[in-house]
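Residue numbers (the numbering used here), protein chains in the order written: chain X, 1 to 414; chain Z, 1 to 364; chain E, 1 to 290; chain Y, 1 to 301.
Read the structure below first, then the notes.
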């Protein structure tokens with residue numbers, strides 16, 4: 001009886017929900033809820049609607065996508081997967097291995113994605129040779145942002161080495177400015193950590209330590225130095241940092257409370273959304289050292305029933321990679337287009353710098369996936385590393401201990 | 001006429017525990033059957049079985065000639081009054097009384113008529129619009145009875161209905177129940193642990209102990225000829241004197257010797273009884289009198305040492321130690337008995353019950 | 001047929017709930033136990049691989065922290081909430097004029113989810129925005145209250161907020177208990193000239209033993225299930241200093257894609273719950289069976 | 001003489017103790033007041049902040065009263081705040097929560113009442129075991145059930161729907177509702193049931209006519225408890241909903257975690273209060289009955 005009643009009600013709900021129209025449909029699960037991000041999604045939604053699609057927004061904010069991933073798992077298990085999901089890095093392949101992703105090769109081939117996407121990025125979008133995700137953008141993670149006025153007032157240049165950074169920070173601290181705006185959330189700790197690894201260890205070391213998880217690299221003296229630098233930087237952070245959202249840290253740089261922030265270029269979206277000008281109000285530079293850490297946002301399409309939904313997926317995939325969207329979206333989001341054939345004239349200097357560096361590092365072999373943003377490793381491994389990094393940063397653990405724990409945690413994460 | 005209630009080889013178990021064993025009871029219409037016994041004897045369980053509130057494990061049960069063994073309570077044509085009255089707390093007195101009729105779909109006019117009739121009979125008309133919480137104990141009792149009476153059932157069941165009342169009210173209600181029984185000529189099964197209630201109300205008594213029937217009989221039978229030591233001890237107040245004694249065949253009769261300080265008390269049983277050597281002699285206090293105040297065939301006198309004198313208004317009880325027991329005699333109020341002094345007592349041997357020492361069963 | 005139905009109706013009525021509980025509680029516990037023996041990652045797999053997940057769990061320093069936090073949090077939370085609840089109940093039991101209003105004030109936190117009040121708490125406890133800056137603003141510049149961001153003390157802020165949320169409910173339980181103590185006993189004690197505090201310690205409180213048990217069980221189960229609280233207040237941070245088993249399990253299952261690990265931690269949590277609840281259930285049903 | 005001095009000394013000590021008593025009384029009220037402040041602080045902060053302008057929040061103190069009361073933040077939170085790309089505020093989600101909570105509370109309370117009635121008054125063999133098995137269900141950490149539940153909801157075809165969420169809340173509310181009613185009904189003498197059975201009433205009739213009218217105090221307790229639990233739930237809400245069925249707590253979380261450059265604390269706080277208003281109201285209005293009901297039922301065990 002109860003079952004029956006529920007079944008009736010839910011049938012009604014389904015009927016009511018699907019009776020609208022039979023055009024392309026997409027329910028999009030994402031966690032882009034902050035200012036610049038939300039604007040960017042709105043762009044996609046408008047374009048989708050302009051092409052006759054009906055977009056159902058399913059934002060789940062919080063925890064850097066944790067809550068969204070909870071919802072995603074529940075929905076996939078219940079056989080009620082969303083049409084498209086913001087998903088990236090090896091997670092795409094992991095979901096593919098579970099057999100729940102849809103194949104969008106037909107769109108990709110028709111649109112010639114292979115010709116316009118850099119090989120390393122295309123690699124992330126493919127699962128066993130078929131296309132299973134559509135890239136939206138390329139974020140650079142190893143950025144350092146600064147308030148131009150604050151630097152000028154204190155006579156400081158953008159640092160090019162970590163020693164310079166430390167010297168500048170000491171000076172700022174003495175002047176009563178918070179040197180480093182930071183939010184004490186595990187992934188933000190990890191973001192800073194990976195830029196320090198790249199800066200101190202160099203691209204090769206980064207590859208060994210955070211991509212290949214080579215135990216030797218993880219326990220090396222270089223890694224000890226990295227943790228030493230982290231300890232130093234802990235001293236440059238104000239005492240209220242714990243649990244702060246990244247965009248609030250960005251706001252601190254914007255209003256001159258703090259001088260620097262180490263954060264991916266989505267931070268630029270916040271600067272821009274607040275009407276700040278790159279090069280004038282705020283400065284951007286890659287964090288000290290060589291290399292380029294990328295974080296590619298993408299949408300994966302899940303297996304769904306219904307032609308209208310499948311049509312929605314194809315349309316969505318097509319629009320996402322199309323030049324127009326890539327341009328407009330990334331102007332809002334702060335990142336650069338994933339496809340290489342988009343003219344960057346409208347983009348600011350930071351974006352142009354990013355595009356330039358992407359080309360050069362790609363040639364030099366130092367274009368590397370970000371570990372902190374789930375591009376390099378699977379969840380359990382990157383999580384294990386983050387646990388140690390954040391524990392070290394938030395306590396008085398010695399660097400030597402941290403290195404030991406790092407190796408142990410990685411070994412325990414398989 | 002068919003028996004109104006017929007219980008045949010009834011058994012009741014809770015898991016492995018036997019609560020009731022081989023119960024066989026039959027009563028005629030108009031009978032007032034009292035189930036009596038100490039707490040835990042199974043009398044309430046038996047009543048619940050009759051009501052159908054408990055499933056029976058074995059045997060059969062019929063009411064008014066119809067087999068009711070597996071019939072649900074509502075179809076047994078019974079009414080029941082509970083110890084706690086079990087009045088429905090949210091309903092008024094009137095609703096409490098008519099609830100059963102309402103459930104059975106009796107039309108409103110009949111309900112009203114019946115209610116009026118019963119309320120008049122029990123003198124509870126002023127209470128009809130009150131709730132149970134606004135009633136005194138005695139009033140609640142009346143309402144509970146009203147709820148049963150209004151049903152006009154084949155059989156009334158009462159589960160210790162008077163035990164929550166104070167002593168005076170209890171006696172009053174007892175009389176009323178008896179009157180009701182006589183006016184309505186109803187068939188009643190009544191559970192109590194109070195043997196006086198049993199004696200005053202019953203036309204038939206069942207004494208229960210440990211789930212086994214000890215004796216069934218009229219109050220007089222139970223009182224005068226208890227079937228065993230348990231019944232003898234349980235029924236009657238003060239209790240029957242139960243005195244260990246030695247029986248010796250002696251010509252025409254039997255000599256009964258009761259040990260006491262300063263030489264055995266010797267009595268003669270002149271009835272022709274085959275008694276074993278060790279017996280328990282049972283004699284009610286009123287069958288021991290002061291010498292000279294009792295005459296008859298079996299009366300024998302003997303001198304006993306008085307240990308204690310208890311005046312009780314109409315009577316005076318005198319206690320003397322015989323056979324290692326405190327033996328009570330019920331004397332007239334003007335007796336000259338004095339504690340510590342000897343007194344001549346008259347034993348009415350024609351009223352004596354004998355019980356086997358080992359089994360406790362009655363011998364005569 | 002209707003006879004059968006009439007006789008079996010109680011069972012028929014209970015059956016759907018019972019079946020639902022069998023499936024949705026015990027079936028799922030069984031499912032979790034099974035998955036804890038597999039190497040499930042992103043989604044559950046059903047191939048048994050032994051106790052590897054438990055070995056990993058016990059090797060994990062983060063789990064150690066989570067369990068230690070549960071001890072600290074659980075012990076402090078339960079004890080303080082009980083003591084405070086009892087104290088408040090006794091204070092309120094002194095024929096207070098505005099009892100209704102005060103009671104409501106003490107009780108209302110129970111009505112609100114930590115998702116709702118978390119932001120306010122975060123604010124109050126934040127050294128730069130809340131109490132610390134406020135007191136410093138009054139001129140006490142040396143005043144420090146930075147527990148929220150101090151990994152060694154952050155767990156105590158969780159305790160504070162948890163007590164804030166639940167002690168009013170405990171107060172209500174105890175108040176109900178105080179009101180149900182037989183008034184004649186208290187009168188007798190007063191006539192005997194026993195001081196009020198002795199009446200409480202020697203007569204009233206001991207007679208409320210069942211309420212202590214109820215309160216303990218409610219609080220213990222809240223402590224073990226605490227999740228919203230940590231997420232809203234610290235997100236488990238700083239670092240993972242305020243992780244609790246529930247948040248650990250959640251992180252493993254949903255942000256790490258390590259479902260096997262999550263299942264093993266869930267099983268350990270279940271064992272803890274079991275150890276607390278079963279004796280309670282036993283005593284509960286024992287007492288009522290008579 | 002002695003006759004006179006005795007009462008005099010007595011009055012003296014009496015007045016001394018009276019002074020002490022008054023002092024104690026004051027102390028009592030001060031204590032109670034301080035605790036009240038502790039409990040009210042977060043609500044106070046939320047309320048005042050929600051009424052301030054952003055400018056005032058930045059410059060003013062945490063506990064200062066708003067200089068200018070403005071309800072803009074409330075309006076925004078109710079119907080204008082953005083989550084993702086939609087800017088509808090809490091309103092649609094608020095109604096979702098109502099649609100979930102009201103039936104779920106009603107169904108779980110009714111089932112709990114029936115179950116409690118069976119377990120307490122119609123004991124059959126194994127009833128106690130069934131009851132304790134159900135009770136244990138209260139204590140299961142909900143994270144454990146998310147994944148298998150998702151699977152089963154999918155199989156039943158109610159994943160992501162409001163009936164699905166109602167179903168989940170009913171299932172995991174049963175343990176507590178059954179416990180409440182069982183503990184309450186256990187205190188009602190079984191003779192009442194017996195009397196009604198002899199009167200000819202059946203299982204449901206007895207429940208309906210006799211037990212339900214008696215149950216008001218425990219119904220209040222159960223409804224308050226269940227409503228609070230269900231309304232405040234976040235975990236099930238975030239896991240088993242889809243676009244269009246998300247409850248207010250999920251929306252609140254989205255709003256609080258969505259920022260447009262500047263964090264609008266006043267909107268966050270207003271949204272938080274709106275999300276908590278129904279449960280708050282229930283406690284304030286029915287709190288008295290809650291305590292009374294606790295005395296009547298669950299505590300006695």
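Note that CB positions come from ideal geometry on N, CA and C, so glycine has one too.
All of these numbers come straight from a predicted model, not from anything done at the bench.
Identity of the residues DSSP links to residue i by a beta bridge
{"i": "residue 86 (chain Z)", "result": "According to DSSP, residue 86 (chain Z) bridges with nothing at all."}
{"i": "residue 41 (chain Z)", "result": "Paired residue(s): none; residue 41 (chain Z) is not in a bridge."}
{"i": "residue 190 (chain Z)", "result": "Z:34, Z:158"}
{"i": "residue 89 (chain X)", "result": "According to DSSP, residue 89 (chain X) bridges with nothing at all."}
{"i": "residue 299 (chain Z)", "result": "Z:348"}
{"i": "residue 318 (chain Z)", "result": "Z:309, Z:329"}
CA nearest to the CA of residue i, picked from the options
{"i": "residue 270 (chain Z)", "options": "Z:349, Z:51, Z:103, Z:58", "result": "Z:349"}
{"i": "residue 317 (chain Z)", "options": "Z:324, Z:323, Z:309", "result": "Z:309"}
{"i": "residue 312 (chain Z)", "options": "Z:125, Z:237, Z:282", "result": "Z:237"}
{"i": "residue 217 (chain X)", "options": "X:173, X:198, X:352, X:142", "result": "X:198"}
{"i": "residue 400 (chain X)", "options": "X:227, X:94, X:136", "result": "X:227"}
{"i": "residue 17 (chain Z)", "options": "Z:42, Z:29, Z:5, Z:25", "result": "Z:42"}
{"i": "residue 32 (chain Z)", "options": "Z:135, Z:134, Z:219", "result": "Z:219"}
{"i": "residue 24 (chain Y)", "options": "E:94, E:145, E:266", "result": "E:94"}
{"i": "residue 254 (chain X)", "options": "X:282, X:262, X:236, X:246", "result": "X:282"}
{"i": "residue 239 (chain E)", "options": "X:185, X:49, X:326, X:348", "result": "X:185"}
{"i": "residue 239 (chain X)", "options": "E:147, E:270, E:193", "result": "E:147"}
{"i": "residue 158 (chain X)", "options": "X:131, X:241, X:261, X:92", "result": "X:261"}
{"i": "residue 218 (chain Y)", "options": "Y:164, Y:28, Y:294", "result": "Y:294"}
{"i": "residue 328 (chain X)", "options": "X:280, X:102, X:347", "result": "X:347"}
{"i": "residue 28 (chain E)", "options": "Y:223, Y:149, Y:139", "result": "Y:149"}
Residue j beta carbon less than 9 angstroms from that of residue i
{"i": "residue 170 (chain X)", "j": "residue 393 (chain X)", "result": "no"}
{"i": "residue 89 (chain Y)", "j": "residue 271 (chain Y)", "result": "yes"}
{"i": "residue 73 (chain Y)", "j": "residue 51 (chain Y)", "result": "yes"}
{"i": "residue 244 (chain Z)", "j": "residue 259 (chain Z)", "result": "yes"}
{"i": "residue 235 (chain Z)", "j": "residue 36 (chain Z)", "result": "yes"}
{"i": "residue 43 (chain X)", "j": "residue 59 (chain X)", "result": "no"}
{"i": "residue 32 (chain Y)", "j": "residue 91 (chain E)", "result": "yes"}
{"i": "residue 211 (chain Y)", "j": "residue 117 (chain Y)", "result": "yes"}
{"i": "residue 263 (chain E)", "j": "residue 275 (chain E)", "result": "no"}
{"i": "residue 346 (chain Z)", "j": "residue 286 (chain Z)", "result": "no"}
{"i": "residue 114 (chain E)", "j": "residue 283 (chain Y)", "result": "no"}
{"i": "residue 120 (chain E)", "j": "residue 40 (chain Y)", "result": "no"}
{"i": "residue 60 (chain Z)", "j": "residue 8 (chain Z)", "result": "yes"}
Problem - alpha helix (DSSP H) segments (min. 4 residues) lying fully within the stretch 110-196 of chain X - result: 113-116, 119-125, 148-154, 162-174
Practice task
May I have a chain-ordered list of the beta strand (DSSP E) segments no shorter than 3 residues that lie completely inside the stretch 188-272 of chain X?
Solution key: DSSP runs (the beta strand (DSSP E)) wholly in the stretch 188-272 of chain X: 258-262.
Practice task
Return the chain-ordered ranges of every beta strand (DSSP E) run that is complete within the stretch 177-243 of chain Z and spans a minimum of 3 residues.
Solution key: 188-192, 204-209, 212-217
Exercise for the section: Taking a Cβ distance cut-off of 7 angstroms, strictly less, list which residues of the stretch 51-78 of chain X are near chain Y, in chain order. Expected result: Here the close residues are 56, 57, 58, 59, 60, 61, 62, 67, 70, 71, 73, 74, 75, 77, 78.
Exercise for the section: Report the residues of the stretch 240-258 of chain E with a CB closer than 7 angstroms to any CB of chain X, ordered along the chain. Expected result: 240, 241, 254, 255, 256, 257, 258
Practice task
Check each residue of the stretch 142-170 of chain E: if its Cβ is closer than 8 angstroms to any Cβ of chain Y, include it; give the result in chain order.
Solution key: 164, 168
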